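Residue numbers (UniProt numbering): 1 to 635.
Report on the structure given below.
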Amino acid sequence: MSVETQKETLGFQTEVKQLLHLMIHSLYSNKEIFLRELISNASDAADKLRFEALAKPELLEGGAELRIRVSFDKDARTVTLDDNGIGMSRDEVVTHLGTIAKSGTADFMKNLTGDQKKDSHLIGQFGVGFYSAFIVADQVDVYTRRAGLPASEAVHWSSRGEGEFEVATIDKPERGTRIVLHLKADETEFADGWRLRNVIKKYSDHIALPIELPKEQAPAEGEAAPAEPEWETVNRASALWTRPRAEIKDEEYQEFYKHISHDFENPLSWSHNKVEGKLEYSSLLYVPARAPFDLYQREAPRGLKLYVQRVFIMDQAESFLPLYLRFIKGVVDSNDLSLNVSREILQKDPIIDSMKSALTKRVLDMLEKLAQNEPEQYKTFWKNFGQVLKEGPAEDFANKEKIAGLLRFASTQDDSGEPTVGLAEYLARAKEGQDKIYYLTGESYAQVKNSPHLEVFRKKGIEVLLLTDRIDEWLMSYLTDFDGKGLVDVARGDLDLGKLDSEEDKKAQEEVAKSKEGLVERLKGALEQSVSEVRVSHRLTDSPAILAIGEQDLGLQMRQILEASGQKVPDSKPIFEFNPAHPLIEKLDAEPDEDRFNDFAHILFDQAALAAGDSLKDPAAYVRRLNKLLIELSV
């Protein structure tokens, strides 16, 4: 054992202490997961060495054969993992093993529920798999040296998982990392070759470098056991995406997904393809079942693992998929890119544009198949990623129609309020003669479901899509048509139902409007500071009045988004529409006193604003007018 120098004891970050507590108290229902996590980390270390060695071949230190070795000692009750990957410096050890080196640490702790099964999924999402070692070990020792540093600058990290760890400088001739797990008394089952072999075959068969175990065979009679063990590879040690699809089991695809994503849940779907011809590349793309914690941070690291001719290049190559598909995980391996490719070069390479276009279509096809063949799975997808997919029509004009077909909305046809209706399904059951798709946006399902704007649609049995995500009004400014049919906001402009209104209906509307011209003028005079226009409504059957939005004006959702972000909102006034057949409007029309008429008109305007989900500009004035009216009625 080499002499330890510069030894110091440091405390774990607070979040790590809490995490270790969860680990030590058997957060994982499946304890053997620890081996998968540690092997996955070792594989990443080998990938990083390969990449850095492209620019600095001397980092290989004469040993280009990369491998992971797993051994055990029954008597000492230890399991050891040894890799000859990139290794760590002293600073890296303190950073990576003493803190959760993620921007989402606070989110991680906030999301812990106390439910062990749910929380175990979070561990994977936050990339903190190293600490899973403490599920089976009551002490963990890490011996590591970063490639390129002298043997005398190796590091020994040790902890019992109880709030602090020790770091010391040691000698270590070989680069890479050796992790020694001192097993708990009741976890000795893992100090067994057969058990370790089975776990590796089960979870890590897809790892693209050899995972070796000591050969277990008794020495021949009279022979002494060899001083150095013979090693044998127990996994396939070939990149999964390079193998024919017919040879790969679903379980292998699922385990590979967990390896690259650090997720603990199986993916919803995947697509494995090899492209040959003008471009040559392989891709393996996954749709996760669960959203990562940083999904809505558009600047967060994202992208596919990039390999060039089986050599790992970068972990999060964002150039291969558009931002609205940032939740997709996977691998792309190109034969056409240079081994010294960088992020900057990727952004300018025409090959990347071709690959991005093809991979985007592949993902959208995968989602389309999921929606058609497994609607329940697609509901899960939509719940987690629907809002992100809604960014697509604005970002990807070429695939706008395809993305639109994947969108899901709540509808007046379904009282559940769940977003389950697609645009194709809507059109399939549209009324005869209906040439538009009708929708209404609002702050909540309850508000839009009960909106007065829907009254004429209910009367005629016309389905309306109900949009309540904050992004929806913005989305619809880009999604103006689908399958040749225009999308129409029922709260915007002058409603035209086209062939859904009979000639008799239209004639009757014109006659009523003509008969109420005097009332329109009186209301314009009373509400001139608040409205852009007053007109007779054809939308209402039960309510006295509504506010419509001008064709070019911002709706309530967009105004609120702009205001919340501190941007100036353009001035605009709504259109006041009234129902001439409503008793309150008839009473208003018959009111001879202009002051009372004025108060009454403002009360109706404020009520219409409230029904639209807006806040009142002057709530005190509304209350004062209403109280005045109530007193007069009660006298």
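A virtual CB, placed ideally from N, CA and C, is assigned to each residue, including glycine.
From a predicted model like this one, the values you see are computed outputs, not experimental measurements.
Measuring C-alpha to C-alpha distances from G85 to each of T95, A168, I39 and A46 identifies A46 as the nearest.
The DSSP-derived three-state label of H538 is coil. Nearest Cα to G422 within the set G433, L407 and T412: L407. By the criterion of at least three beta-carbon pairs nearer than 8 Å, the stretch 477 to 486 is not in contact with the stretch 567 to 579.
The beta-bridge partner set that DSSP reports for D73 consists of T78. The shortest C-alpha to C-alpha distance from P173 to any of D593, L149 and I561 is the one to L149. In this structure, L196 keeps its C-beta atom at 9 Å or more from the C-beta atom of R69.
For the 9 Å CB-CB criterion, S411 and Y426 form a contact. CA-to-CA, the gap between K356 and E280 works out to about 13 Å. For T9, there is no enclosing alpha helix (DSSP H); the residue is part of the beta strand (DSSP E) that begins and ends at T5 to G11.
Residue range G176 to L183 is occupied by the beta strand (DSSP E) that includes I179.
Secondary structure at R492: strand, using DSSP grouped into helix, strand and coil. Here P322 is buried, its C-beta having at least 16 other C-beta atoms within 10 Å. For P393, the secondary structure class from DSSP, reduced to helix, strand or coil, is helix. Within 10 angstroms of the beta-carbon of Q372 lie fewer than 16 other beta-carbons, which makes it exposed.
Contact between the stretch 532 to 540 and the stretch 442 to 451 is absent: fewer than 3 CB-CB pairs across the two stretches fall below 8 Å. Non-local beta-carbon contacts of E577 in its own chain, meaning distances under 6 Å to residues more than five positions away in sequence, involve R535, S537, I546 and A548 in chain order. Residue pairing for D481: DSSP places it in a beta bridge opposite G486.
The residues H206, in chain order, have a CB closer than 6 Å to that of E252 in the same chain once the five nearest residues on each side in sequence are set aside.
Secondary structure of Y324 (DSSP, three-state): helix.
If you ignore the 5 residues before and after L562, its C-beta comes within less than 6 Å of the C-beta of V569, all in its own chain and listed in chain order. Inter-segment contact for the stretch 432 to 440 and the stretch 456 to 473 is present: three or more beta-carbon pairs are separated by less than 8 Å. Of all C-beta pairs linking the stretch 578 to 597 to the stretch 550 to 562, fewer than three are shorter than 8 Å, placing the two stretches out of contact. Residues of the same chain with a CB within less than 6 Å of the CB of Y257, apart from the 5 flanking positions on each side, are P267 and Y286 in chain order.
Counting only runs of 4+ residues, the alpha helix (DSSP H) found wholly inside the stretch 435 to 476 occupies 445 to 449 and 455 to 460, in chain order. The Cβ-Cβ distance between Y131 and G161 falls below 9 Å. Inter-residue distance for D336 and S159 is about 46 Å (C-alpha atoms, whole angstroms).
For R596, the enclosing alpha helix (DSSP H) covers residues E594 to A611. In this structure, the CA atom of A64 is about 19 Å from the CA atom of S40. As the crow flies, the alpha-carbon of R429 is around 10 Å from that of Q413. Residue range G193 to Y203 is occupied by the alpha helix (DSSP H) that includes Y203.
Collapsing the DSSP output to three states places Y296 in coil. Scanning the stretch 260 to 322 from its first residue to its last, the whole beta strand (DSSP E) runs of 3-plus residues come out as 269 to 275, 281 to 287, 304 to 308 and 311 to 317.
Under the three-state reduction of DSSP, P214 is assigned to strand. Under the 10 Å beta carbon count, P375 is surrounded by fewer than 16 other beta carbons and is classified as exposed. Judged by their CB atoms, K215 and E228 are not nearer to each other than the 9 Å cut-off.
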